[in-house]
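See below for the structure under consideration.
Residue numbers (the working numbering): 25 to 679.
If you want it as C-alpha cells, here you go:
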C-alpha cells in the first residue's frame, strides 16, 4: 500500500479503544483457528467455518464491510492460507500481507536450464546471466505486513502464520487507507473503492483502479469455495453494486499512461521498452524487428515465470545485452508492463521457430518453490491479456498454442537437455483456463481414444525433489503434473526421455516422465484404474481412478505414420524445403530430434503449419526475410513438449 501523509491532528492508526476491541476479537478468533504448524495434539478439531468467522470478526473490529474484506482477500489468495508459506513476492496468508525481505532472505532460487533463449543456430549462442533479486530498496507494496503489525499490535510472526490474525491485519490496512483518504468509515461497500485501490500497493492510478475494479467484480458476482485448509467460505453476490470511484482521485498516485501498449482496457498496462540497440563488435539486442502478423502469423503465446522479482526483471529486459519478451506481469496486483511490440520477435523461448511465431509472457515467480504461490490478481490479469491477444491474432485457446516454456521443444538434439522447464508443475493450468473461459471438460464418452489430462490441482500431490537441494524432497503441494510409468504399477520404472540422455528422476526440473493439465494424448491401453498413452514413442501409464480421475475423455485429431512406413522422424521446428530459401539466405540444415513416431502409435495434433524460417541476423532489418516453404508439418503433443512431423509422413484421423 502507498504511504500517504497523515492529516494534521489525526493519529496514524485507529483509536486505542478500537485497537483493544480488535485485539479482543482476534483473541476469540485465534481460539477457533489455531496457529498453523501447531502439533496435532495442541490443535483443536477442525471446523470448516473458522476462517469465515475470522473475516466476520475482523470486519467488525475495524469497521470494514465484510464483503470488501472477503473480496480483497479472494483477489489476493482465493482465501487460501498456503500453510503460512509466502507467495512469489513475499505475501503471506489470505490477505497476502507482504514481507518480501523476510521471504527473499529465506529463499534459495535455482536455475532450471542452460538454453540459448534466442534458439537460432544461424547466430552464436546467447547465454546471459540472470541477476539476484534486489532487497536493498523495497517498495511499499512489498512491506505491508510490518505496517499491519504496527497497526494491530500483533507480531509479524503471527501475521505470517495465523490466518485469523492475517485477516485482521488486512482489515487494519484497509481501515487505515480509508482514514488517510479522508473518508469516513461506512457499512456500504460502495464507499471503499479508494481504500481497496490503495490496498493493491500500486503507485499509479491506472494499476490501483484496475485492481479495485477486479475486487468489485468479485463482490458483484459472488464466490464460494473450499480453501486449501478445508475452510468453507462464501461471498454473497451484489450484482447491482456500483462503487464510488472519486476517492482515488485524492490518493496522490502518479499517472501511468497506457500509450504505446497493446493490452485490453480491462488491465493496467504501461510501456517499458526493451532496447533495440547495437553494441560491441557488430552485436545488437535484445530482440529483432519484424512485421507480424502481416509477414508471418502469431501462432503461440508462451507462459514463463521470471525467476526473479519485479524491479530486477525490469532492469534486465531494459538491458540491450540481455534477452527479451513481450510482457511482464506483477504478482501483487497483476500490473502489466509491455516491452516488445507484437509485430517484433522477442528472444525468450529457446527455439527460434517458436520465438518467430509467438508472444512471450513473463510472470513474476519461481519454479522450484512449491509454496511460493501466484496471486489471483496475476492469474486474472494474465488470462485477460491472453484472451485479448488470442482473439486479436486468431490463436486457439488450448495447450498446443498457449504453451508453457516447459512445452517448447529443443530445436535440435543438442539443445534438448538445456531447455527451460518453467512455469513448472505448480502453475495452476486448470484455473488459468477456467479464467480464459475454456475449462478442461470431458468432450467424449468413457472409452474415447483421446484423453485430456485434468487432475484435481489441490488433491494431486506428486512427490518432487530438488527444490532446495539435489535429491531432497520438495514441500508437498498441489500440482498440475501427473507422473508416468512404464507399467500399470507405481513401482515400475519411470518413462525415459532419450533426448535428455539421463536416467529419469522425480526432480522438479526433470520432464522425462510427466504430463500436465490440459495436454491431450491418444489412449494406448487401459488396466483397471490405470490409463496408458502414447508418449515419446512409448506406452506410458498413469493412475486414473474412476472416483478421482486424473484425465477426462476427449475428441481430437491424431496423426499416425502413413501406410508403408515403420516410423517417421520428429522435429523441433517446421523447416522450409531447400528450394524455398531466396538468394543470400542460407538454408537451415534439416535436423530431426532423437525421437521417432513408430507405426501403430497415435499423437494428438494441434494443427497443420508450413515450414517457416525468419532470417534476421543483422541489426539492419533490410536484410531480414521470412522464408515460407511448401512443405507442411503437423504440430503434435509428443512428450511433455510439443514436436513437429512432416505432413507427407503421416495420416490424420479423428479419434
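For every residue, glycine included, the Cβ atom is placed at its ideal position computed from N, Cα and C.
Asked	Found
Residue range of the alpha helix (DSSP H) that includes residue 237	229-245
The region 376-393 touching the region 348-363, judged by at least three CB pairs closer than 8 Å	yes
Euclidean distance between Cα positions of residue 258 and residue 91	10 Å
Touching by the beta-carbon criterion (3+ pairs, under 8 Å), the region 600-608 and the region 642-662	yes
Nearest neighbour of residue 327, chosen from 281, 351, 337, 312 [CA to CA]	351
Distance, residue 562 Cα to residue 538 Cα	13 Å
Chain-order list of residues whose beta-carbon lies under 8 Å from that of residue 676 (same chain, five-residue window excluded)	581, 582, 583, 629, 658
Cβ-based burial, residue 502 [other Cβ within 10 Å; buried from 16]	buried
8 Å contact criterion, which residue 93 and residue 195 should meet: CB distance rounded	6 Å
Nearest to residue 321 (by Cα), restricted to the options 519, 197, 413, 288	413
Whole-angstrom distance between residue 574 and residue 442, CA atom to CA atom	29 Å
For residue 608, the nearest candidate out of 647, 108, 672, 416 (CA to CA)	647
Residue nearest to residue 494 in terms of C-alpha spacing, selected from 340, 534, 664, 365	534
Neighbourhood of residue 239 by C-beta distance below 6 Å, restricted to the same chain and skipping five residues each side	95, 96, 99, 220
Simplified DSSP assignment, three categories, for residue 329	strand
Complete runs of the beta strand (DSSP E) confined to the region 361-419 [at least 3 residues]	382-387
Best match in 475, 567, 522, 102 for proximity to residue 560 [C-alpha to C-alpha]	522
Same chain, Cβ closer than 6 Å to residue 614, five either side skipped, listed in chain order	599
Residue range of the unbroken alpha helix (DSSP H) whose run includes residue 180	180-185
Sheet register partners of residue 488 (DSSP bridge)	Paired residue(s): none; residue 488 is not in a bridge.
Residue 475 to residue 334 span [Cα, whole Å]	38 Å
N-terminal and C-terminal residue of the alpha helix (DSSP H) that residue 2 is part of	As displayed, the chain neither begins before 25 nor continues past 679, which places residue 2 out of reach and without an answer.
C-alpha gap between residue 231 and residue 279, whole angstroms	9 Å
Residue burial classification, residue 663 (beta-carbon count within 10 angstroms, cutoff 16)	buried
C-alpha distance - residue 67 paired with residue 251, whole-angstrom precision	Legend: pLDDT at residue 67 = 48, less than 50; position of this residue unreliable, no value from coordinates given.
Rounded separation between residue 8 and residue 122 - CA only	Coverage of the chain is limited to positions 25 through 679, which leaves residue 8 absent and any answer about it impossible.
Delimiting residues of the beta strand (DSSP E) encompassing residue 257	256-259
Cα-Cα separation, residue 402 to residue 356	7 Å
Status (buried if at least 16 other CB within 10 Å, exposed otherwise) for residue 452	buried
Classification of residue 566 by the beta-carbon crowding that lies within 10 angstroms, buried from 16 upward	buried
Sequence-distant residues of its chain with Cβ nearer than 6 Å to residue 408 (five each side left out)	288, 290, 291
Alpha carbon of residue 635 to alpha carbon of residue 597, nearest angstrom	8 Å
Reference residue 304; option with closest CA among 345, 631, 256, 418	345
Same chain only: Cβ atoms within 7 Å of residue 126, ignoring 5 sequence neighbours per side	114
Boundaries of the beta strand (DSSP E) in which residue 551 is found, first to last residue	544-551
4 or more residues per run - each alpha helix (DSSP H) lying fully within the region 551-584	none
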